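Going from the sequence shown to the numbering used here is simple: count from 1 and add 16.
What follows is one structure encoded as C-alpha cells, with my remarks underneath.
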Amino acid sequence: MSAREAPVRVGVLGCGGVAMRRMLPAMARTPCVAVAAVASRQRARAESAAARFGAEPVHGYERLLAREDITAVYVPLPPGLHAEWTARALRAGKHVLVEKPMTTTAHQARELAALAEERRAVLMESFMFLHHSQHAAVAQLVDRGAIGQLRSVTAEFGFPPLPAGDIRYRPDLGGGALLDAGVYTLRASSLLLRAVPAVLGAQLSVDPGTGVDVSGHALLAGAGGAVSHVSFGFRHAYRCVYTLWGSTGSLVLDRAFTPAPEHRPVVRVRRQDGAEEEVRLPADDQFARTAERFAALVRGAGDPAAERSAAVGQAELVDAVRTAAGRARGGVG
Numbered sequence: 017m018s019a020r021e022a023p024v025r026v027g028v029l030g031c032g033g034v035a036m037r038r039m040l041p042a043m044a045r046t047p048c049v050a051v052a053a054v055a056s057r058q059r060a061r062a063e064s065a066a067a068r069f070g071a072e073p074v075h076g077y078e079r080l081l082a083r084e085d086i087t088a089v090y091v092p093l094p095p096g097l098h099a100e101w102t103a104r105a106l107r108a109g110k111h112v113l114v115e116k117p118m119t120t121t122a123h124q125a126r127e128l129a130a131l132a133e134e135r136r137a138v139l140m141e142s143f144m145f146l147h148h149s150q151h152a153a154v155a156q157l158v159d160r161g162a163i164g165q166l167r168s169v170t171a172e173f174g175f176p177p178l179p180a181g182d183i184r185y186r187p188d189l190g191g192g193a194l195l196d197a198g199v200y201t202l203r204a205s206s207l208l209l210r211a212v213p214a215v216l217g218a219q220l221s222v223d224p225g226t227g228v229d230v231s232g233h234a235l236l237a238g239a240g241g242a243v244s245h246v247s248f249g250f251r252h253a254y255r256c257v258y259t260l261w262g263s264t265g266s267l268v269l270d271r272a273f274t275p276a277p278e279h280r281p282v283v284r285v286r287r288q289d290g291a292e293e294e295v296r297l298p299a300d301d302q303f304a305r306t307a308e309r310f311a312a313l314v315r316g317a318g319d320p321a322a323e324r325s326a327a328v329g330q331a332e333l334v335d336a337v338r339t340a341a342g343r344a345r346g347g348v349g
C-alpha cells in the first residue's frame with residue numbers, strides 16, 4: 017500500500033461531545049482515516065474513549081503530540097484552547113483538523129495560518145456542514161434561476177438553554193452563542209453570498225450571570241448587493257434553517273447545519289406565480305465527508321491555502337460582528 021493509499025493516522029486531543037458523538041464515529045467508518053490514539057488529561061477518560069474506536073489511549077496531550085506514528089491531529093477542545101493546542105500540534109509537525117471556531121480572535125487565526133504555511137502543514141477548520149451535498153444542490157438551483165436574482169439570505173440557528181455547567185457559559189473557554197451557534201450562520205452567509213460579507217450592524221445579548229452572549233443578530237452585505245440577516249442563540253426553540261429570497265421566488269432549507277447522516281433533505285421552492293416545489297435530495301454524511309476532505313489535503317490533493325484563507329476570513333467576520341455590536345447603542349446587554 018502506498019503512502020497515498022494508507023489511512024491517515026489521526027490522534028485526537030480531548031474527548032469532547034462533538035468528537036465522541038459525531039466526528040470519531042465518522043472517522044471510524046471512513047477508510048482513508050484511522051483513529052490511532054485518543055488523548056485526555058484524565059487517564060480513565062482516554063481509556064474509555066479509545067476503547068470505543070480501537071485506538072490507543074494516551075494520558076496527556078503533550079504525549080500524543082510527541083508520537084512519531086501520528087500524522088495528523090484532530091482538536092475538539094473548547095474554543096478557548098484551540099489556538100494554543102493547534103499551534104503546538106503544528107510545531108510538532110502534525111497536520112491539524114480543528115473544530116469550529118478555529119480560534120476566538122482573528123489575530124490568532126492569522127498567526128495559525130502563517131505557522132501552518134511555514135510548516136507546510138494542512139490546517140483545516142471543521143465546519144462539517146459545508147461538506148454536505150445539499151448546499152451544492154441549493155447553489156445549482158440558484159444558478160439555474162429557480163428564484164431569479166438573489167436579493168437576501170436569512171440564516172438562523174438557535175436552541176433552548178444549556179445545562180448550567182456547560183462550557184458554553186464560560187468566557188474563559190470561549191463560550192457564548194456567537195462562537196457556538198452564530199459562527200454557523202456567518203459561515204453560511206459567506207457560502208451563499210459567495211464571498212465574505214461586510215458587517216453593517218450587529219447586536220449581542222449578554223447574560224449578566226455568566227458574562228457570555230446568549231443570543232445575537234447581524235446584518236451583512238455581499239459584494240453583489242445582496243444582504244444577509246443572521247440570528248442565533250441558546251435561549252430559543254430549536255431552529256436550524258436558511259432562506260434565500262430572490263427576484264422571482266424563494267427557497268428554504270431546514271436542518272441546514274446539523275443533519276444526521278440518514279436525513280434526506282428537502283428544499284422548498286416557492287415562485288412568484290404561487291407555484292411550489294419540493295426538491296428532495298439524497299442523504300449525505302457531512303461528518304464522513306469532512307474526514308475525507310481532510311485526508312485528501314493531507315495526501316496532497318486539494319489546496320490547503322484555500323482552507324487557511326477561509327478560516328481567517330471567518331475569524332475576521334466574527335471579530336467584525338463583535339466590533340459592530342460593541343458600537344451599537346444598546347448592542348451589548
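C-beta atoms are modelled at their ideal positions from N, C-alpha and C, and glycine is treated no differently.
As the structure is a computational prediction, the values presented were derived from the model and not from experiment.
* **Rounded C-alpha distance that separates SER244 from ARG343** => Taking the sequence shown and counting its residues from 1, the one referred to as residue 244 is at position 228. Taking the sequence shown and counting its residues from 1, the one referred to as residue 343 is at position 327. Roughly 20 Å between the two C-alpha positions.
* From this set, ASP85, CYS31 and TYR77, which residue's C-alpha is nearest ALA50's C-alpha? -> One-based indexing of the sequence shown puts residue 50 at position 34. Comparing Cα-Cα distances from ALA50 to each of ASP85, CYS31 and TYR77, the minimum goes to ASP85.
* Residue burial classification, GLY95 (beta-carbon count within 10 angstroms, cutoff 16) -> Within the sequence shown, the letter at position 79 stands for residue 95. With the sequence shown as reference, residue 95 is identified as Pro, and Gly is not the correct amino acid for it. PRO95 should be labelled buried.
* Which residue from HIS148, ALA276, ALA66 and GLY238 puts its Cα closest to that of LEU166? -> Within the sequence shown, the letter at position 150 stands for residue 166. Among HIS148, ALA276, ALA66 and GLY238, the Cα nearest to that of LEU166 belongs to GLY238.
* To do: Could you name the residues that DSSP lists as bridge partners for GLY174?
  => Within the sequence shown, residue 174 is the residue found at index 158, counting from 1. GLY249 and ARG255, per the DSSP bridge assignment.
* What distance in whole Å lies between the Cβ atoms of ALA304 and ALA42, which are believed to be in contact at a cut-off of 8 Å? -> By 1-based counting over the sequence shown, the position of residue 42 is 26. By 1-based counting over the sequence shown, the position of residue 304 is 288. Sure, about 5 Å apart at Cβ, within 8 Å.
* So, helix, strand or coil for MET140, using DSSP? -> The count along the sequence shown starts at 1 and reaches residue 140 at position 124. In the structure shown, MET140 sits in a strand (DSSP, three-state: E or B).
* To do: Would you please state the rounded distance, in angstroms, between the beta carbons of VAL91 and GLU127? I believe it to be under 8 Å.
  => Start at 1 with the first residue of the sequence shown, and residue 91 comes out as number 75. Start at 1 with the first residue of the sequence shown, and residue 127 comes out as number 111. That belief does not hold up - the Cβ atoms of VAL91 and GLU127 are roughly 15 Å apart, past 8 Å.
* chain B contact for ALA137 (CB, 9 Å cutoff) -> Chain labels in this structure do not include chain B; a single protein chain is all it has.
* Anticipated Cβ contact below 8 Å, THR87 with VAL285, distance rounded -> As a working note, residue 87 is residue 71 in the sequence shown. As a working note, residue 285 is residue 269 in the sequence shown. The C-beta distance from THR87 to VAL285 rounds to 44 Å, too long to fall under 8 Å, and the pair is not in contact.
* For ALA234, which three-state DSSP category applies? -> By one-based count along the sequence shown, residue 234 stands at place 218. Three-state result, ALA234: strand.
* Would you mind reading off the limits of the beta strand (DSSP E) that contains HIS151? => Residue 151 sits at position 135 when you count from the first residue of the sequence shown. Careful: HIS151 lies outside any beta strand (DSSP E), inside the alpha helix (DSSP H) at 149-159.
* **Contact belief for ALA214 with LEU236 at Cβ below 8 Å, rounded distance in angstroms** => Translated into positions along the sequence shown, residue 214 becomes position 198. Translated into positions along the sequence shown, residue 236 becomes position 220. With a Cβ gap of about 7 Å, ALA214 and LEU236 count as contacting.
* Asked: Given a threshold of 16 other Cβ atoms within 10 Å of its Cβ, counted over all protein chains shown, does THR264 qualify as buried or as exposed?
  -> The residue labelled residue 264 in the question sits at position 248 within the sequence shown. Classification of THR264: exposed, given that the 10 Å Cβ count is below 16.
* **Counted within 10 angstroms of its Cβ, other Cβ atoms place ALA180 as buried (16 or more) or exposed** => Position 164 of the sequence shown, counting from 1, holds the residue named residue 180. Under a 10 Å Cβ-count criterion, ALA180 is classified as exposed, with fewer than 16 other Cβ atoms of the shown protein chains found around its own Cβ.
* Burial state of TYR254, where buried means 16 or more other Cβ atoms lie within 10 Å -> Translated into positions along the sequence shown, residue 254 becomes position 238. Result: exposed.
* Starting from PRO73, trace the beta strand (DSSP E) both ways and give me its first and last residue. => Residue 73 sits at position 57 when you count from the first residue of the sequence shown. Judged by DSSP secondary structure, PRO73 falls within the beta strand (DSSP E) whose first and last residues are 72-75.
* To do: Following the continuous beta strand (DSSP E) through SER325, name the residue where it begins and the one where it ends.
  => Within the sequence shown, residue 325 is the residue found at index 309, counting from 1. Looking at the DSSP string, SER325 is not in any beta strand (DSSP E); the run it does join, the alpha helix (DSSP H), is 320-343.
* Asked: Taking just the CA atoms, how far does LEU269 sit from THR259?
  -> On the sequence shown, position 243 is the one that residue 259 refers to. On the sequence shown, position 253 is the one that residue 269 refers to. Approximately 6 Å, taken between the alpha carbons.
* Asked: Assuming ALA44 contacts PHE69 under a Cβ cut-off of 8 Å, what Cβ separation, rounded to an integer in Å, is found between them?
  -> Residue numbering aside, residue 44 sits at position 28 when the sequence shown is read from its first letter. Residue numbering aside, residue 69 sits at position 53 when the sequence shown is read from its first letter. Sure, about 5 Å apart at Cβ, within 8 Å.
* Helix, strand or coil at GLY349 [DSSP, three-state] -> Position 333 of the sequence shown, counted from the start, is the residue given in the question as residue 349. At GLY349, the pLDDT of 40 sits below 50, so the modelled position is not reliable; the number obtained from the coordinates is stated separately. Judged by DSSP in its simplified three-state form, GLY349 adopts coil rather than helix or strand.
* **Residue closest to GLU293, alpha-carbon to alpha-carbon, out of ASP301, ALA299 and VAL283** => Residue 293 sits at position 277 when you count from the first residue of the sequence shown. Comparing Cα-Cα distances from GLU293 to each of ASP301, ALA299 and VAL283, the minimum goes to VAL283.
* Where does ALA44 sit, in a helix, a strand or coil, going by DSSP? -> Here residue 44 refers to the residue found at position 28 of the sequence shown. When secondary structure is reduced to three states using DSSP, ALA44 falls in the helix class.
* Quickly, what does DSSP pair TYR3 with across the bridge? List them, please. => Only positions 17 to 349 of the chain appear in the structure, and residue 3 is not among them; the question remains open.
* Three-state class that DSSP yields for VAL268 in the structure shown -> Numbered from 1 along the sequence shown, position 252 holds the residue referred to as residue 268. DSSP places VAL268 in strand when its eight states are reduced to three.
* Considering only residues of the same chain and omitting the five flanking positions on each side of PRO23, which have a CB-CB separation below 8 Å? -> Position 7 of the sequence shown, counted from the start, is the residue given in the question as residue 23. Only PRO47, CYS48, VAL49, ALA50 and ALA311 meet the Cβ criterion.
* Asked: Which one or two residues does DSSP pair with GLN219 in a beta bridge?
  -> Within the sequence shown, residue 219 is the residue found at index 203, counting from 1. Beta-bridge pairing links GLN219 to HIS233.
* Hey, would you say ALA125 sits closer than 9 Å to VAL337, going by beta carbons? -> In the sequence shown, the residue the question calls residue 125 occupies position 109. In the sequence shown, the residue the question calls residue 337 occupies position 321. No. Outside cutoff.
* Asked: When burial is assigned at 16 or more other CB atoms within 10 Å of the CB, is GLU278 buried or exposed?
  -> Position 262 of the sequence shown, counting from 1, holds the residue named residue 278. Counting the other CB atoms within 10 Å of its CB gives GLU278 a total below 16, which places it among the exposed residues.
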